[in-house]
Amino acid sequence: MAVDHECSCNKNPLLPSLCKVIDVKQETPDVQTYTIQTLDGKKPFSPLPGQLAMVSLLGVGEAMFSITAQGEDYIQSSIKRTGLLTEAFHEIQPGQEIGVRGPYGNHFPIEDLKGKDILFIGGGIGIAPVRSMIRYAFEHRDEFGHLDILYGARSKSDICFKEDVLEQWPKEKDTNVYVTTDVPSDDWDGHVGFVPSYIEEVGFKPEGKKVVLCGPPIMIKLSSESLLKMGFQKEDVVTTLELRMKCGIGKCGRCNIGSKFVCLDGPVFTLAELDELPDEK
Amino acid sequence: MILAKKDLDQALKILSQDAVVFAPLITLIEDKSQIDQPAFEKKFMPYHEGAAVGLDNFNTVKPPKDVLFPNVEKLYKYKTGEGAYIEEIVPEDKPKILFGIRPCDMRSIDSMDKVFFTKEYVDSYYAKRRELVTIVAMGCMDTQRTCFCDSMGLDPTYAPTADVMMNVTKSTRTKACPVTGCTIPEDDGSYILEALTEKGKALLDKISSLCTENGAEEAVRDVSCSLKIEKDPELDKKLSKMFEHPIWDKITKGCIGCGTCTFVCPTCYCFDIDNENYGAEGCKYRCWDSCMFSDYTRMAGGANPRPTKKERLRNRYMHKLSYFNERYGETLCVGCGRCIENCPAHLDISEFIEKASKVDAEAKEYSEADFAEKEVR
Amino acid sequence: MSVKKDNNWEPVILAFCCNWCTYTGADLAGLNRMKYPENVRVIRVPCSSRVNPQFIIRAFQKGADGVLVCGCHPGDCHYATGNYYTRRRFMLMKRLLEYNGIDPKRFQAKWISGSEAAKFRDTVIQVSAEIKALGPNTKFVGTYAPQTATEGGQE
Amino acid sequence: MAYTKEQIQDMIRQEAKKALASGEVSAVVGWTSTRFADKTKPFFAETEAECDLLVWNEYCVNGTAKYALDDRYPEKKLAVIARGCDSRAINRLIQDKQVKRENLYIIGVPCDGKDNPICKECQHKNPLTFDVLVGEEVEEQINADRFAEVLAFEKLTPDERYDYWAKQYDKCIHCYACRNACPACNCIECYADQYRTGWQGKAADREQNQVYGLTRVFHVGDRCIECGECERVCPMDLPIMRQTRKMLKDINDLFGDYECGMPNDSKPVLGEYKLEDPDEFM
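Protein chains in written order, with the numbering used here: chain F, -3 to 277; chain Y, 9 to 385; chain B, 24 to 178; chain X, 13 to 294.
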């Protein structure tokens, strides 16, 4: 049998390890953040910013979620209530056991981003994967240039990670935070409008700047158009995709775009790489 | 080595002693009401004494892939709530012999090896089964009308990656079976066996007492497929530029969106992972899935990147003929013809290959009438 | 659940009971301290027509030895006509199951009103005795129970 | 004098061209030849030249009606070449409110039976609903006994029956061809596609196949038009009609003579009731 074992370990990549949720935080009416630890209080694994974890609620199902943050002894995932499984997730109480396997996928091109100014753009729950990179940049603040964070949510109550977005991040050194909501509300005195138009309004300069972009598909599409119009190069805009996944290891077949698998070759792609693939996003 | 046909059963009996031998067995489907004619089914099943082994004639409807990649495979058991656990279910470690698969099916196993063993992760369930399997491939003696493997670059009489290659010797003549109408040997011809790997040698050692050394016998190697198709050798590259081509609209119209083609395909390896619960306990299993189903790519919330059969069939054909080439360097269609024979809507991948080879990749319009003169078989 | 048929074996009977009649009837049986075999598991449904024929197949697969569907008498349905549909549906389902080899005693339907506590008791006693006489159900038995879950696929 | 196959084929082509020329029709669904003489495939003729590819012979076995569901809100009509069974299938879809009659242009063709065993028991060879009829009506089979198979099977013992079906469901590969070919299976989203643990498991093993098989039979049993597509398309040759016909037979026995897909708006048996229905649950 002529097969090349690229992986030296004998681990079963489809077998999750039993972990527990130690904290549940209600971010918005339909988004919760789960802090996950192994049963003996350790970190399940150490992901790089942008990587994914396959989280399973035993007896209900499993799905791929981006890892929004990690600490010494935990990882965090933020989950929006959209379907059956995520509805069940929102019933979770701290202490519940879940299965976790990962980390999967590639990650944001840290080496490429180092030494450059970065513009982070997030829309809605799309800020979740971006946040892992933002946190990384803050933890290694000296290795990066000026940081801009532009975040759009439907309304004030839909802003995820309010403490970070509204309080913590604006205080960080050499960092500008722009927040916009789609609809005005009485308790919101910030900018109102959609992300793509806000990008143009602020008028970011493309020189020496890289963009990390994530949000709903239509926002990614329109924001990319705005960015390209403003002179950004396709190679300088990275985005992260989401498709239905089952195995997470590039075997089960469904998350392909052309010959690439989002779970293995992605989820992070530059716009230039996406251009090479069939239009099936 | 030479094995007389009459000794085949004896050989399988010996091999069954310390392994499960999966061979294409012909079974009668019993219908005690005797309404219908008795139906025969040919399927790769564990050999037992007295079983009718059908090595010649038509291939099985279901490919032999489920010996390595079962239709349903339990991955792990779990319990939720109090005393929660996750416990791996390890495949049984009994050696298996896959006996008498055709070169097309052997090639499909090579493709599956590439999928499950390479690209960063090794699928441990598949790996475990694969290691325990010894494959005896059987060169085709005659081909069905839907066979086109030689147009896809295969040799219907030789499978270079098998553990043992088995061919009939030239003297064998056949006649029609008075009961089933199948072709059966007229005389006791023989098989010529050649070990291609160490595993194969070990297998042949077990039955060496039944065999004689090669004499003047020659293997039947002058078999060629009845279906010849004109395939552009660069079709994979051409197709990658044809994603928006109007041909897709036309050829997918007749498709009914079932999963027959994917389940009878020896190379389709996509799977789904699901669970079945019994109270707080349950087990996670994986099972064959089909890219032709709507829920294959549908995401939570209802968005679906492939909403209609056009996108789904396009993805299937592109995967077989272009994406897989790009990723693993070979075409995923081996030309076994199963999907052509079994498609409810009589779609024909070979017809698509021919048409896609001929059309202009840049064309904005496409009409079936351009291919009006059809070859009728 | 015991698999062998022995004297201690007790059948598992699943009873789908309409919330408005039979469930109240069963409640009344309890209030009156009527005795009936404890091997019946009651599932309350809003109407007997809520019972999907699939539930019955699933019940057998997951270990039930018998299934009982109970609803209001025709004409008494809380939703006016629900049990008329039930009647047609389960007359066909019963025959289809029988055609597929299930003993008709294993699947029964009965109209039991809220005041018919005694009828509920008698039905359960009768069904229980009948199924006990038949022994454990061996048809439509599932393969996913964790205690039997081993390697899948090939037989 | 009866027309020959070739004459009917020519007339079908002419009608198809006429329909396309009217400008009201986007495509004509019929059959075209494949590379095998004994197989035809469903075909959408969209241009005049493509109309000449339409064929009519004993191998035109595929049902054409279900393609009307591909586009539920069409801008133009879809022309369907319909045999007797196809016209019943169209009635089925209309009665189930899945397509509108005005969105279809039906080219009816009386059918003398195809290379399909179910045609031996066909009750309606002539189209029941059509806009234009090609050729002339054929004689219906009066003595075709559609329940003979069921009656014979009922005579077996319960264990024999169970074993038979269990073996059949072991064969099933869960491809859903029966569902996708069936004109009565016209739910916009099938329950089997709605992923939910405990509903329809995707695994192709006996347990899930029994659930799927029986649920489907029960769901379509009272609306079955007996075209036999389920059985024809099954790659594993499951005798699906043997189950469905059992339901139809019981319906006939219990609730009176019943046939589906007639050009009236009768409700399916399980979708209505009568106060005087027999009752055995007292």
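Idealized CB from N, CA, C, for every residue including glycine.
On a predicted model such as this, the values are computed, not experimentally measured, just so you know.
DSSP three-state call for residue i: helix, strand or coil?
i: C269 of chain Y; result: helix
i: K89 of chain X; result: strand
i: S4 of chain F; result: Note that S4 of chain F scores 39 on pLDDT, short of 50, meaning its location in the model is unreliable and no value can be drawn from it.
i: Q47 of chain F; result: coil
i: T45 of chain B; result: helix
i: A84 of chain F; result: helix
i: M174 of chain Y; result: strand
i: A172 of chain B; result: Low per-residue confidence applies at A172 of chain B: pLDDT is 45, beneath 50, and the placement is therefore not dependable enough to give any value.
i: V367 of chain Y; result: coil
i: A47 of chain Y; result: strand
i: D244 of chain Y; result: helix
i: T34 of chain F; result: strand
i: G148 of chain F; result: strand
i: E383 of chain Y; result: For E383 of chain Y, the predicted structure reports a pLDDT of 44, less than 50, and the residue's modelled location is therefore unreliable. A value from the coordinates is still provided. Here E383 of chain Y sits in coil by DSSP.
i: Q72 of chain F; result: strand
i: H187 of chain F; result: strand
i: Q66 of chain F; result: strand
i: C210 of chain F; result: strand
i: A353 of chain Y; result: coil
i: M160 of chain Y; result: helix
i: E238 of chain Y; result: coil
Could one say the Cβ of residue i lies closer than 7 Å to chain X's Cβ atoms, at least one of them?
i: P313 of chain Y; result: no
i: R129 of chain B; result: no
i: G345 of chain Y; result: no
i: W43 of chain B; result: no
i: T166 of chain B; result: yes
i: E376 of chain Y; result: yes
i: R112 of chain B; result: yes
i: I80 of chain B; result: yes
Consider the Cβ of residue i: report whether some Cβ of chain B lies at a distance smaller than 7 Å.
i: L173 of chain X; result: Strictly speaking, residue 173 of chain X in this sequence is Arg, with Leu absent from that position. Yes, R173 of chain X lies at the interface with chain B (some Cβ there is under 7 Å from its Cβ).
i: V232 of chain X; result: no
i: V223 of chain X; result: yes
Leaving out five residues before and five after residue i in sequence, what residues of the same chain have Cβ atoms less than 6 Å from its Cβ?
i: H96 of chain B; result: W134, S136
Buried or exposed: residue i, going by 16 or more other Cβ atoms within 10 Å of its Cβ?
i: C273 of chain Y; result: buried
i: Q107 of chain X; result: buried
i: P190 of chain B; result: A query on residue 190 of chain B cannot be resolved here, the shown segment of chain B reaching from 24 to 178 and no further.
i: R254 of chain X; result: buried
i: C185 of chain Y; result: exposed
i: G287 of chain Y; result: exposed
Cutting at 8 Å between CB atoms, please list the residues of its own chain near residue i, excluding the five before and the five after it.
i: Y107 of chain B; result: P97, C100
i: G124 of chain B; result: K162
i: K39 of chain F; result: Q33, Q66, G67, E68, D69, Y70, I71
i: E383 of chain Y; result: Low confidence applies to E383 of chain Y: its pLDDT is 44, below 50, so where it sits in the model is not reliable, and the reading given next is rough at best. Within the same chain, E383 of chain Y has no close Cβ partners at all.
Please work out which residues of its chain come closer than 7 Å, Cβ to Cβ, to residue i, disregarding the five sequence neighbours upstream and downstream, and give them in chain order.
i: E33 of chain B; result: N62
i: R25 of chain X; result: C63, D64, L66
i: I6 of chain X; result: Any question about residue 6 of chain X goes unanswered here, given that chain X covers just 13 to 294.
i: D280 of chain Y; result: R294, C295, D297
Would you say residue i lies against chain Y (beta-carbon separation less than 7 Å)?
i: I185 of chain X; result: yes
i: G211 of chain F; result: no
i: L11 of chain F; result: yes
Compare the C-beta of residue i with all C-beta atoms of chain F and state if any pair is closer than 7 Å.
i: M120 of chain Y; result: no
i: A203 of chain Y; result: no
i: R320 of chain Y; result: no
Counting contacts by CB-CB distance shorter than 7 Å, is residue i in contact with chain C?
i: Y102 of chain B; result: This model lacks chain C altogether, as its protein chains are F, Y, B and X.
Q) Is the segment 90 to 100 of chain F in contact with the segment 243 to 260 of chain F, if contact means three or more CB pairs nearer than 8 Å? A) For the pair of segments examined, the segment 90 to 100 of chain F was found to touch the segment 243 to 260 of chain F: the number of CB pairs separated by less than 8 Å reaches three.
Q. For the segment 111 to 124 of chain F against the segment 86 to 96 of chain F, are there 3 or more C-beta pairs whose distance is under 8 Å?
A. The segment 111 to 124 of chain F vs the segment 86 to 96 of chain F: no contact.
Q) Do three or more CB pairs link the segment 169 to 184 of chain X to the segment 38 to 54 of chain X at distances below 8 Å? A) In this structure the segment 169 to 184 of chain X does not touch the segment 38 to 54 of chain X; the number of beta carbon pairs closer than 8 Å is below three.
Q. Okay, do the segment 72 to 92 of chain Y and the segment 13 to 25 of chain Y touch, 3+ Cβ pairs below 8 Å being the bar?
A. Output reads no: the segment 13 to 25 of chain Y does not touch the segment 72 to 92 of chain Y.
Q) Does the segment 99 to 119 of chain Y come close enough to the segment 16 to 28 of chain F to have 3 or more Cβ pairs within less than 8 Å? A) Touching, no, given that fewer than three Cβ pairs across the two stretches are closer than 8 Å.
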